[in-house]
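K.L.:
Input: one structure, supplied below.
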Amino acid sequence: MSCQVRPLWPPFVAGIVLGLVLLLTFVLVGNGMGSSGAFARVATEIGLQVAPEATRENAYLGGMAQGNPLAAWIVVAAVGTLIGAILASVSSGRFRVKVDRGSGRIGAFPRLLLALGGGILAGFGSRLAAGCTSGVGLSNTAMLGVAGFVFLITFFIVGIAVSMLMRRVW
Amino acid sequence: MDYGTAGTALATGILFGFVLEQAGFGSPCKLTAQFRLTDWSVFKVMFSAIIVAAVGILLLQVNNTFGAQGFYVSEMYLWGTVLGAVLIGAGFAIGGYCPGTSVVGLGSGRIDGLIFMLGMVVGVWAFAGVYDTSFIQTVVNTAYVSAKTVPELFGVSPWLVIVAMVLMLIAGFAVGRALERRTQGVYTAEDITEGHAPDQPDDLSRDLGREATAENRSD
Chain F
1 MSCQVRPLWP PFVAGIVLGL VLLLTFVLVG NGMGSSGAFA RVATEIGLQV
51 APEATRENAY LGGMAQGNPL AAWIVVAAVG TLIGAILASV SSGRFRVKVD
101 RGSGRIGAFP RLLLALGGGI LAGFGSRLAA GCTSGVGLSN TAMLGVAGFV
151 FLITFFIVGI AVSMLMRRVW
Chain C
171 MDYGTAGTAL ATGILFGFVL EQAGFGSPCK LTAQFRLTDW SVFKVMFSAI
221 IVAAVGILLL QVNNTFGAQG FYVSEMYLWG TVLGAVLIGA GFAIGGYCPG
271 TSVVGLGSGR IDGLIFMLGM VVGVWAFAGV YDTSFIQTVV NTAYVSAKTV
321 PELFGVSPWL VIVAMVLMLI AGFAVGRALE RRTQGVYTAE DITEGHAPDQ
371 PDDLSRDLGR EATAENRSD
């Protein structure tokens, strides 16, 4: 196996290819690519295993527990996303098992706590927006959707503002 | 779910993850550098992808290849979208990922990507726990915007919107390039793999790398 780290694709090239992948998804599936829906489905499944009654009675998870074909589709797509990322990073010599501590100014444990906290915010937010950067930011905007533009503008402004408080980390 | 649906889901998912990793989007450093305005890859990749897909979708609709029904466009409740984007933007700056890129992070070996994914499951449970409250019900059910698309909202041609987006992309490229040059902040593949900051190359490992290269040559 080669240890050489291959360069990243230039942003413009990656953007064009990503656009074609998105277009292919629309053509084959009828809607764009999503990610956060898979986590809602997984959260529902875990709920059904651990506390089936409470999950079925829950006003939000109960609907999903009855089965939604799109939700099942999106879980398989997320598994595919994981496989695709593994293929790309391994074939390019970029696969490293590690806790990515950014600039290394914080320890591994604080970094994982921040990742957990960020994930909780994103998971909660994705249910409010009925999607995330993939489903709303990328796919809905490609359809010139109002939600996509509103999402991206808000997302970037808040991201820039909050990242000013996070300079120590990265 | 039939095999055809599962197959297309798996195939498009694999392509999606492959391209995102090749763009460097498994790295929380590179991703959050967009918000520090030192590495504009996220803007460049996302915006050019959106424009390519939007042009393709419009061309397909002109030829009516896929029937009058067209592709799926979700509805929007303004406050849900805005508040959701606030939390996802904050979660991105704090945790280093968004939902899709955390999967790419895990796929390149990052344990923090997996923890972000666990956090999202917890976030969904938290949302389900408060879903019945009047606050959440108000946020997700009011301020419905009946116009689904921007051309519909402003009563303009979709091509005009595309032209405006191309101009924004060009402006973003210009501003981004100027800031990237000033800060020397673009993360390379080596930076994100070995954990260097782009403006502070690790001299020791660089020398080691040079030695390794020399050794390879002598072999």
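Residue numbers (the working numbering), protein chains in the order written: chain F, 1 to 170; chain C, 171 to 389.
Cβ coordinates follow ideal geometry from the N, Cα and C atoms, glycine included.
Pair every Cβ in the region 32 to 39 of chain F with every Cβ in the region 124 to 143 of chain F, then say whether three or more of these pairs are closer than 8 Å.
P.N.:
Contact holds: three or more Cβ-Cβ distances are below 8 Å.
K.L.:
I need the straight-line Cα distance from F:GLY159 to C:ALA334, nearest angstrom please.
P.N.:
If I take the Cα positions, the gap works out to 23 Å.
K.L.:
Any Cβ of chain C within less than 8 Å of the Cβ of F:GLY63?
P.N.:
No - not a single Cβ of chain C is within 8 Å of the one on F:GLY63.
K.L.:
Can you tell me which of the three DSSP states F:GLY47 falls into?
P.N.:
In the structure shown, F:GLY47 sits in a helix (DSSP, three-state: H, G or I).
K.L.:
At a Cβ cut of 7 Å, what residues of the region 255 to 266 of chain C count as close to chain F, listed as they run along the chain?
P.N.:
So the close ones are ALA255, VAL256, LEU257, ILE258, GLY259, ALA260, GLY261, PHE262, ALA263, ILE264, GLY265 and GLY266.
K.L.:
For F:ARG56, which residues of its own chain have a beta-carbon under 7 Å away from its beta-carbon, when the five flanking residues on both sides are left out?
P.N.:
Counting only Cβ-Cβ distances below 7 Å, and skipping sequence neighbours, we find GLY62 and ALA65.
K.L.:
So, do the region 281 to 293 of chain C and the region 112 to 119 of chain F have three or more beta carbon pairs nearer to each other than 8 Å?
P.N.:
Touching, yes.
K.L.:
Could you name the residues of the same chain whose beta carbon sits closer than 6 Å to that of C:ASP361, not counting the 5 residues immediately before and after it, in chain order?
P.N.:
So the qualifying residues of the chain are PRO368.
K.L.:
Quick check on C:TRP329: buried or exposed, where buried means 16 or more other Cβ atoms within 10 Å of its Cβ?
P.N.:
Looking at its Cβ environment, which holds fewer than 16 other Cβ atoms inside 10 Å, C:TRP329 is exposed.
K.L.:
I'd like to check one pair, F:PHE95 with C:GLY279: are the Cβ atoms closer than 8 Å?
P.N.:
Yes. Within cutoff.
K.L.:
Quick one: grab the DSSP three-state call for C:GLY196.
P.N.:
Residue state, collapsed to three classes: coil.
K.L.:
Terminal residues of the continuous alpha helix (DSSP H) containing C:TRP249?
P.N.:
Its alpha helix (DSSP H) spans residues 248 to 265.
K.L.:
Is it buried or exposed, C:THR312, if we count other Cβ atoms within 10 angstroms and call 16 or more buried?
P.N.:
Label assigned to C:THR312: exposed.
K.L.:
Among residues of its own chain, excluding the 5 on either side of C:SER218, which ones have a beta-carbon nearer than 8 Å to its beta-carbon?
P.N.:
Once the five neighbours on either side are set aside, the close Cβ partners of C:SER218 are LEU339.
K.L.:
Between C:GLU350 and chain F, is the shortest Cβ-Cβ distance under 8 Å, so that the two count as touching?
P.N.:
Output row for C:GLU350: interface = no.
K.L.:
In whole angstroms, give me the CA-to-CA distance for F:PRO69 and C:ALA179.
P.N.:
Below a pLDDT of 50, predicted positions are generally treated as unreliable, and F:PRO69, at 44, falls in that range; the measurement from the model is reported next regardless. Taking the straight line joining both Cα atoms gives about 12 Å.
K.L.:
In the structure shown, what three-state DSSP assignment does C:ARG117 receive?
P.N.:
Any question about residue 117 of chain C goes unanswered here, given that chain C covers just 171 to 389.
K.L.:
Which residues does DSSP pair with F:GLY145 in a beta bridge?
P.N.:
Answer by DSSP bridge pairing, in chain order: C:THR319.
K.L.:
Could you give the C-beta distance for C:ALA193 and F:ALA14, rounded to a whole number, given that I count them as a contact under 8 Å?
P.N.:
Right, their Cβ atoms sit about 4 Å apart.
K.L.:
Under a three-way DSSP split, which group does F:ALA130 fall into?
P.N.:
Looking at F:ALA130 - three-state DSSP - the assignment turns out to be coil, as it is neither helix nor strand.
K.L.:
Name the DSSP beta bridge partners of F:LYS98, please?
P.N.:
Paired residues: C:ARG280.
K.L.:
Put C:TYR357 into one of helix, strand or coil per three-state DSSP.
P.N.:
C:TYR357: coil per DSSP, three-state reduction.
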